[in-house]
Amino acid sequence: MPYYHPYQAISVKEILNSTMLTIHGIPRLDKDEMVKRMEKLRKFDKVRRRPLFKRLKEHQKLIRLLLLIQDRYLPLIRKKFVWRGGVDFNEFWDKWFEWTEKFDPHAVLKESGFTIEQIKEGRLHFAAKAGFIDPLRDWYVLVHHIPCSKREKLKGDALLAQDYYEITDMLGRFLTDLTSEKQLDADDLLDGRQGRWKRG
C-alpha cells in the first residue's frame, strides 16, 4: 500500500489544475468538424501541460525543504507535540529543545538549493493561494487562534487553505532565523496595511 505525505497535496492540486480541461457550450457539429476541433483541443492541451513537469520538479524541491524544517517549526505553529509512547515528555522536550539549539538554518538553506529571495517568493505564493481559496479568510485571525485539532476537522478548500497557511508560517519562521527580521503574518502579506492594524 503506497503512503503519501500531506505536502504532496501541493503537487496533486497542480496536476489537477493543469490536466483538467472544461469545454463549455459545445455547438452542434457534424462528425468531421467535431474531430477537427477535438484535435485542436488536444494540441492546445499538450502545449498547456509542458510547464507542468518543471513546476512539479520545483514542488519536489519545496517538499524536501519543508521536510527539513517541519520538525523545527511545526510543533510551535500547531502548539502540538507528538512523541513515541514510553518516552517521558520532559525528556522528549529537553532533547527537542537541544536539537533546536543546534538547528542551522543557513546549512538547511544551502542543502535545499533555494535562495532567501526564492523562499520569500514561495511564501508570498502560498499566502496568496490560501487567501484565494479560503472561504474563512475574513475570519483569519479568529480561525488562527482555534486549536489545530479543531481546524483539522475543516473540509475542502477551508482545510487546504490551512495547510497553505502552515507552509507560509513555517517559511516565515525559517526566514526570521535566516535574516533576523520578523516576517509578516500570512494574512498581512497581501494587505497594503502590512499588519499595522494589528498593532493598533
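In our numbering, the protein residues as written are 14 to 213.
Beta carbons: idealized from backbone N, C-alpha and C, even for Gly.
Do the stretch 141–151 and the stretch 171–186 make contact, defined as three or more Cβ pairs closer than 8 Å? yes
Would you call the CB atoms of E179 and I90 closer than 8 Å? yes
Look at the alpha carbon of D204 and the alpha carbon of K166, and state the distance between them as a whole number of angstroms. 28 Å
Going straight from the alpha carbon of K49 to that of K59, what length do you get? C-alpha separation (whole angstroms): 16 Å.
Starting from the Cα of Q10, find the closest Cα among I159, W210, A143, P19 and give me that residue. Lying before the first or after the last residue shown, residue 10 is absent from the chain, which here runs from 14 to 213.
If you compare alpha carbons, which of I23, L54, V156 is closest to R68? I23
T113 versus H138 - alpha carbon distance: 27 Å
Can you tell me which of D200, P160, K123, R55 puts its alpha carbon nearest to the alpha carbon of L78? K123
Can you check whether the CB of V121 is closer than 8 Å to the CB of L184? Not closer than 8 Å, so no.
What does a CB cutoff of less than 8 Å around L191 pick up in its chain, not counting 5 residues either side in sequence? Here the set comprises P118, H119, L122, I129, I132.
Starting from E130, trace the alpha helix (DSSP H) in both directions and tell me its first and last residue. DSSP places E130 in the uninterrupted alpha helix (DSSP H) bounded by 129–146.
Inter-residue Cα distance where the pair is F187 and F145: In a straight line, the C-alpha of F187 is about 24 Å away from that of F145.
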